[in-house]
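Asker: Would you mind keeping the following structure in view while I ask a few things?
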Amino acid sequence: MGKLQDKKVELAQLLLAETDPKTLELVEHALLGVPPLHFTESEIKDLEKQVARINSGEEKLHSWSDVKKRLEGKLRK
Numbered sequence: 016m017g018k019l020q021d022k023k024v025e026l027a028q029l030l031l032a033e034t035d036p037k038t039l040e041l042v043e044h045a046l047l048g049v050p051p052l053h054f055t056e057s058e059i060k061d062l063e064k065q066v067a068r069i070n071s072g073e074e075k076l077h078s079w080s081d082v083k084k085r086l087e088g089k090l091r092k
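Dropping the structure here:
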């Protein structure tokens, strides 16, 4: 067998021996992609309201660096 085929067999054996549901789910997502998300009408309306508040300037967005600074400040206390 070639290197690629050997690797496929090795991975298949590891997968067959795996018992952790989370690991199996991660493998499934890696192979098949993440399943589409389903939102309720209420969740969609809430998201649309939040987007409207952001677009109107009513709600402020924060950069990752700002959030990180705030968290680091809180952790130091």
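Residue numbers (my numbering): 16 to 92.
Quick reminder that beta carbons are idealized off the backbone N, C-alpha and C, glycines included.
Predicted, not measured: the structure shown is a model, and the values here were computed from it.
1. Could you name the residues of the same chain whose beta carbon sits closer than 8 Å to that of Val24, not counting the 5 residues immediately before and after it, in chain order?
2. Measuring only the C-alpha atoms, how far is Glu58 from Glu74?
3. Do Leu31 and Val42 have their CB atoms nearer than 8 Å?
Answerer: Well, looking at it:
1. Within the same chain, Val24 has close Cβ partners Met16.
2. So the two alpha carbons sit approximately 18 Å from each other.
3. no
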